[in-house]
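Here the structure comes first, spelled out in structure tokens, and everything after it is commentary.
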Amino acid sequence: MWQAFNEFIENGQLISSSEIFEELKDDDIVKWAKEYKDAFLPLSKEVQLKTTEILQQFPQIIKIQTKGSSNGDPFLIATAILEDGVIVTDEGNKNNGISMVCESLGVEYMKLNDMLDEVLE
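According to my numbering, the stretch in the sequence shown is residues 1311 to 1431, in order.
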């Protein structure tokens, strides 16, 4: 599985937002992600503008930063829109979550388990 992820990154097929990199907590994933830091795209002016648009429409997607809360979601969605990407998430179908916002904006997304099933086939 990790080899497939590595190949996706090396081929430019797997990217994320630098905001997501900052949210990583698991030591093993952080160590792995540091090897592929270039796959976590910086916050360009375009990403910031698109994020602002998303937040104007879905302000509840971010929460006041508390331990364990995530505010990278709108940046991830903006990156996916601008890069014509598919978001992979393990988040459930909660109100104002990634899935709901993606559906509202017409952004393709898939569950992490579905992606893993495809990778492991």
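Ideal Cβ positions, reconstructed from N, Cα and C, are used throughout, including at glycine. Keep in mind it's a predicted model, so treat the numbers as computed, not measured.
Beta-bridge pairing of residue i - partner residues as DSSP gives them
i	result
Tyr1419	Ile1397
Phe1350	Ser1326
First and last residue of the uninterrupted alpha helix (DSSP H) at residue i
i	result
Asn1316	Trp1312 to Glu1320
Ile1364	Lys1355 to Gln1367
Glu1345	Asp1337 to Glu1345
Residue i, DSSP secondary structure in three states
i	result
Ile1387	helix
Ile1371	helix
Leu1392	helix
Leu1334	coil
Glu1431	coil
Beta-carbon separation (whole angstroms), residue i vs residue j, contact threshold 8 Å
i	j	result
Leu1392	Lys1360	6 Å
Phe1315	Ile1330	Going by Cβ atoms, the distance from Phe1315 to Ile1330 rounds to 14 Å, so no, they are not a contact pair.
Using 8 Å as the cut-off, can you tell me whether the region 1390-1400 makes contact with the region 1335-1344, which would need three or more C-beta pairs spanning the two stretches below that distance? No, they do not touch.
For the region 1384-1394 and the region 1414-1428, state whether three or more C-beta atom pairs, one from each stretch, are separated by less than 8 Å. yes
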